[in-house]
Every structure is written in C-alpha cells, then in structure tokens.
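Report on the structure given below.
What follows is the structure in structure tokens.
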C-alpha cells in the first residue's frame, strides 16, 4: 500500500496515446464515466468536439473587446488632450475638438490594442511561454505535433489514483500507456 | 512538372490525394530540417545580398549628402520614394487579405499559401517603411512623428493624413507581425519535436514557447487567431484608405477625388496577388510543392487578379470621366497632360499593363498555365508601379500655375534605393524559406481527410 502511495506523489498523470480523434474521444468518455474530471488532451490540430467534451470556457473574446475599447479611449483621449487641453491652437475659429479628423488614429489604436490583447491574452491564459512541461518527458510525445492524439489524466484530479487511471485507460483502444513522472 | 491530377471534367483539388496527417507534417518540416538547401537558394541569396549592398550604399550616400541626391525638386517633392512606398505597402496587402479575409470567408484553399503570403506582407511593409523614413530628410529625428511628452510641449498634427499614415502603417506592421508569429507557434513546436540537432531544438523551442497542442490551448489559440483575422480585415482596408488620403485630402488636380480610397484598396489587392503569384510559381516548382499549392490555387488567385484588375480599370475610366463631367479646367488639363504630356508614355504603358494584359485571364487555358500566369503577374507588378508613378509625378509636375511647372527625373540614387529594397525583400524571404515552414503545417493537417474527419466529427451523446 505504501508503495502505491509513493507512486501517487511522484506521478504527474497517466498518458494514453491514440491513433485518431475518434479513439481519443472514446477514451475521454470512458475516463469521464469513471469519474475523472481533470484531464487534458493533446492533438496535432485544433479539435472542437474534444474541447466541447472537456467543457472549457474561453474568456478571450471579452478581454479583446475590453482591449479594443481601451485602445479607442486612449486614441481619442490623446488627440483630444493634445488639441483641446494641452495646446489649443485657434485656426480661424475652427472647432478645437475636430472629432472627424481624429477618427483614423482612434480606429488604428483600437485595432492595435485589441490585437495585442488577443495575442498576449492568449499566451497569458495558456501559461505560455513555458519552455518545459512534465508531459514533454513522456515517451513518444513528440508525435503530438505530428499525427498522434494523447489523453492525460492529471494527478490533481480529486479521484486520481495512478492505478485506477491506468485501469480506466487500459480498456480503451490506446497505442501506448504510460505514467508521466513528476519532475 | 508533376501537377495535380486533372481527371476528365473534375476540378483539380486543393491538396493532392493520398496525404495523411503524417505525410503533410513530414513533407513540410523536411524542407526546413533535413533536405539539402537547393543550389538555387544560394544563387538567389547571392543576388539578394548584392542588391542589399546597393540598398546600404544608397542609404549611406543619402545620409551623407542629404535628399538632394534624389531627383525631387520644388513642384515634385514626392518622387520615387512615395511611389515605392505605396507600391510596397500595396503588395503587402494581399498577404493580409489571404490570411485574414479568406479565413473569415472560410475559403479553405488559402491554407497552403497564407504563411508565405503573410511573410511577404511583413517584408514588403519593412521595405515600404524605409522610404517615408528617409524622405523626412533627417531620419534620426523621425521619432518626432510620434506623440510623446517633450520639452517643446508639442504634439504632432493629428488632423493631417500624413500623421494618420504613421499610425496606420505602424499598426499594420505590428498586427501583421503578430498574426504571422501566432500562426507559426504550433509549427515551431512541430519543428522543435522533429529537429535532430540540439541548437535547433533549442532555437525552435524558444520560438514555440512550450507549445504542446493541449486542447485548452488550441481553443484559445483559435479564438485569438480568428479575432486577429477579424481585426486585420478592417485594418488592411483602413491602411490603404489612409494612404490614399495622403493624396485625396490635398487639393492637387488628379488627387482630390472621392474615388481614391476604393481604387487604392483594389489596386493594392491586385498588385499583392500578382506578387503572390510571382513568388508562388517558382517556389512550388523548386521545392516540389505542387501537391499543396495546386493549379487550382493558381487559378483562384488569377481570378482575384482579374476581378481586382477590373476594379482598377474602372478607377482609370472614372478619373477620365470625372475630368470631363466636372468641367473643371484643371481636372481636364490634368487628364490631357497624362495622356499627351511629357509623361504620356507612363500613362499608356500603365493602361497596357493593367487594363489590357489581365484580360488574358478570362481564358481558362491562360489561368491554368504557370508560365502565362508568371509573365502576367510580372507585367501587373510593373503596371502597378507605373500607376503610382503616373499619379504622383504627372499631377505634381503640372498643377495650377504654369510658372511653377517642372519635370522630374529620378537619379541613380533613387533607382538604387528602389532596386536595393528588392535585395532586402528577397534576402528576408529566402531566409524565411530556409529556416521556417513556408506552408502552415497545422492548418494543412486540417485539410487532409483524416484531419478533416477528426475535426468535424460531432460530439457523441
């Protein structure tokens, strides 16, 4: 029993390798049926049904909207401040807040801020850059960026037990099965 | 040349049959990682390097002696520098169009050409940026164009199209670079996982930032990519619109016209697609990528060249029509001057290149022939350069008062700078082809039947 206990703490998760997306999906469904909730799939291409099955929420669109609004305010605010508050120049009585000519810069700043938010937000939410990750030490994992589909049941799953996870995944059409050690 | 099989009556495919997830991954990574660099690459890089040296000398002479070494004079203050700027920026626009607008329209065929088209955008914008920067005269003070707190308490003129241009072009350069890099991340991970030598593993690993294809990451990645496409689409239109405002907001005959923004945007797409064809046709041949960049891709691009070419022709017709219909003597003088003045050769050559030549693309035989397409694309590139020459030079050299008229002849340093930017463009492009995947690997995976199936399968109950 104590042996298993030690195993449990040294184990980052149990990783199964599948030949295609359909088998991966079956693997996920079996793991979910067995009560596992914390798992991650690794695929060579984006797969929406897998993401749907794993139930992820994505706050990125909201962040990008906020980024764009901030960009618009900064863009217009800067021009307003410069032309009306900081250095007003009266040119034949023309209005200082000549907003139509401020639109192009406001627009460009909106796009710039929104685009930067999209990229930096995506990286931040994904926890990237992170050059190393325990799953990289798994044998054959380099194929996740070629043609193989992986399912990892994570050690912090509330019902996680290395043996139990192993037994669950053993019953699926996997190509290989291994324990990923904790670094 | 092995072409996509063209069975009786059927359209050629966007990807040759028989490819799987592993074959597309291997074929594209192999070009970068294991395949020997073709001799043509060294030859091309040698030429690019020589041209790059021409650029360096032209800039050196310019900085030492000032812009007096150029042919610009008092009425023609905008010479080759602005012509080349607009030309390069326009070329860049096709890259964004392919990667962003075609993505939004779910045109899957863009997948095999978007990566190098995006790279083309980035490098074209880099070339474009050089010209206005040098044209300001004292480029070391170019930061004066930006709003920043300073002891003079001054801000730039926010009501000027030239300042809008600064914001538009710098935003465009930034967003293009982001879009390109984000698209590269999963492919850099593929290269990291395939690379044999440690230094390359580390370098690609740094670029990949630890990408591991986790579903959670893919979800956010795709959202970010789609949003970037959505943002880049209005951006690309705004950039060339703002570039056209540089002309349209002034009161020079031939510039002060409402047709300018749409006409400029269409012209940009037109020249950009011509440039994509110019690059894609030799590349697919040299690297044996006919399976991925098929005849059907070339046909589609040829159709876009034809369509945008017709819009540009409409622009030329409207310029002449406005001149007549407005009954404005200066507009009439402008169009007469274009047709019969000292620069009439450029106007008629422009019509030959941009209005007459693309009409050949109505023929399917021409659209399916790489040789024809290549030649037409080159002619269109020349034509679009001439268009900007006509707009800038004929209008400035003869505006209102005959006493202020003068002609403009570019000097060897004008030409040196222009030819030199080809060196910069080619050198960057060749380095990109050598060290990065020129076709998006992960998007190609979604094109093969297995990937397509894996992706589209509905969640089971």
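Residue numbers (the numbering used here), protein chains in the order written: chain E, 1 to 183; chain U, 184 to 644. Note that beta-carbon positions come from the ideal geometry of N, C-alpha and C, so glycine has one too.
{"Asked": "From the beta carbon of residue 2 of chain E, is the nearest beta carbon of chain U less than 7 angstroms away?", "Found": "Only weak support is given to the placement of residue 2 of chain E: the predicted model assigns it a pLDDT of 42, under 50, and the value that follows is read from those uncertain coordinates. Judged by the 7 angstroms Cβ criterion, residue 2 of chain E is not in contact with chain U."}
{"Asked": "In whole angstroms, what is the alpha-carbon distance linking residue 283 of chain U and residue 301 of chain U?", "Found": "10 angstroms"}
{"Asked": "Residue range of the alpha helix (DSSP H) that residue 178 of chain E falls in?", "Found": "Premise fails: residue 178 of chain E lies in the beta strand (DSSP E), 176 to 181, not in any alpha helix (DSSP H)."}
{"Asked": "Taking its Cβ as the centre, do 16 or more other Cβ atoms sit within 10 Å of residue 200 of chain U, making it buried, or is it exposed?", "Found": "exposed"}
{"Asked": "What does DSSP give as the partner residue(s) for residue 153 of chain E in the beta ladder?", "Found": "E:14 and E:39"}
{"Asked": "Does DSSP put residue 397 of chain U in a helix, in a strand, or in coil?", "Found": "strand"}
{"Asked": "Mind listing which residues of the segment 393 to 406 of chain U have their C-beta closer than 9 angstroms to chain E's C-betas, in chain order?", "Found": "393, 394, 395, 396, 397, 398, 399, 400, 401, 402, 403, 404, 405 and 406"}
{"Asked": "Cβ of residue 376 of chain U less than 7 angstroms from any chain E Cβ?", "Found": "yes"}
{"Asked": "Is the segment 45 to 59 of chain E touching the segment 390 to 410 of chain U in the sense that three or more CB pairs, one from each, lie closer than 8 angstroms?", "Found": "yes"}
{"Asked": "Could you confirm whether any beta carbon from chain E is found closer than 7 angstroms to the beta carbon of residue 338 of chain U?", "Found": "yes"}
{"Asked": "Touch check for the segment 28 to 41 of chain E and the segment 56 to 72 of chain E: three-plus C-beta pairs under 8 angstroms?", "Found": "no"}
{"Asked": "For the candidate residues U:608, U:520, U:567 and U:424, whose alpha-carbon lies nearest to that of residue 539 of chain U?", "Found": "U:567"}
{"Asked": "If we ignore side chains and look at the alpha-carbon of each, how far apart do residue 537 of chain U and residue 174 of chain E end up?", "Found": "59 angstroms"}
{"Asked": "Less than 8 angstroms between the CB atoms is what I'm expecting for residue 342 of chain U and residue 101 of chain E, so what's the real figure, rounded?", "Found": "4 angstroms"}
{"Asked": "Hey, how far is the Cα of residue 188 of chain U from the Cα of residue 563 of chain U?", "Found": "Because the pLDDT of residue 188 of chain U is 40, which lies under 50, any placement of that residue in the model is unreliable, and the number read from its coordinates should be weighed accordingly. Their backbone Cα atoms lie some 29 angstroms apart in a straight line."}
{"Asked": "Any contact between the segment 442 to 459 of chain U and the segment 154 to 166 of chain E? By contact I mean 3 or more CB pairs, one from each, below 8 angstroms.", "Found": "no"}
{"Asked": "Return helix, strand or coil for residue 582 of chain U, following the three-state DSSP convention.", "Found": "coil"}
{"Asked": "What does the alpha-carbon distance come out to for the pair residue 97 of chain E and residue 432 of chain U?", "Found": "19 angstroms"}
{"Asked": "Using alpha carbons as the reference points, say which of U:546, U:523, U:358 and U:630 lies closest to residue 475 of chain U.", "Found": "U:630"}
{"Asked": "Interface residues of chain U around residue 16 of chain E at Cβ under 7 angstroms?", "Found": "Neighbours of residue 16 of chain E on chain U: none; closest Cβ ~14 angstroms, over 7 angstroms."}
{"Asked": "If residue 82 of chain E sits next to residue 338 of chain U, beta carbons under 8 angstroms apart, how far is it from one beta carbon to the other, in whole angstroms?", "Found": "4 angstroms"}
{"Asked": "Is there at least one Cβ from chain U nearer than 7 angstroms to residue 73 of chain E's Cβ?", "Found": "no"}
{"Asked": "Quick one, which residues of the segment 59 to 83 of chain E are near chain U if we go by CB-CB under 7 angstroms, in chain order?", "Found": "60, 61, 64, 78, 79, 82 and 83"}
{"Asked": "Is residue 577 of chain U near residue 254 of chain U, with beta carbons less than 7 angstroms apart?", "Found": "no"}
{"Asked": "Could you check the C-alpha separation between residue 183 of chain E and residue 628 of chain U for me, to the nearest Å?", "Found": "32 angstroms"}
{"Asked": "So what does DSSP say about residue 333 of chain U, is it helix, strand or coil?", "Found": "coil"}
{"Asked": "Could you give the residue range of the alpha helix (DSSP H) that holds residue 360 of chain U?", "Found": "344 to 377"}
{"Asked": "Any C-beta of chain E within less than 9 angstroms: which residues of the segment 321 to 347 of chain U qualify?", "Found": "330, 336, 337, 338, 339, 341, 342, 343, 344, 346 and 347"}
{"Asked": "With a cut-off of 7 angstroms, does the C-beta of residue 208 of chain U fall near any C-beta of chain E?", "Found": "yes"}
{"Asked": "Please report the distance separating the alpha-carbon of residue 708 of chain U from that of residue 130 of chain E.", "Found": "Outside the modelled stretch of chain U, which goes from 184 to 644, sits residue 708 of chain U, for which no answer is possible."}
{"Asked": "Jot down the residue ranges of each uninterrupted alpha helix (DSSP H) in the segment 549 to 594 of chain U, minimum 4 residues, whole runs only, in chain order.", "Found": "553 to 572"}
{"Asked": "Would you check if the distance between the CB atom of residue 378 of chain U and the CB atom of residue 216 of chain U is smaller than 7 angstroms?", "Found": "yes"}
{"Asked": "Quick one: residues in its chain with C-beta nearer than 8 angstroms to the C-beta of residue 461 of chain U, no 5 flanking neighbours on either side, listed in chain order?", "Found": "557, 560, 561 and 564"}
{"Asked": "Please report the distance separating the alpha-carbon of residue 141 of chain E from that of residue 484 of chain U.", "Found": "39 angstroms"}
{"Asked": "In the structure shown, what three-state DSSP assignment does residue 318 of chain U receive?", "Found": "helix"}
{"Asked": "Does residue 185 of chain U pass the burial test, meaning 16 or more other C-beta atoms within 10 Å, or should it be called exposed?", "Found": "In this prediction, residue 185 of chain U scores a pLDDT of 38, lower than 50, which makes its location untrustworthy; the coordinate-derived value is nonetheless stated afterwards. With fewer than 16 other Cβ atoms within 10 Å, it is exposed."}
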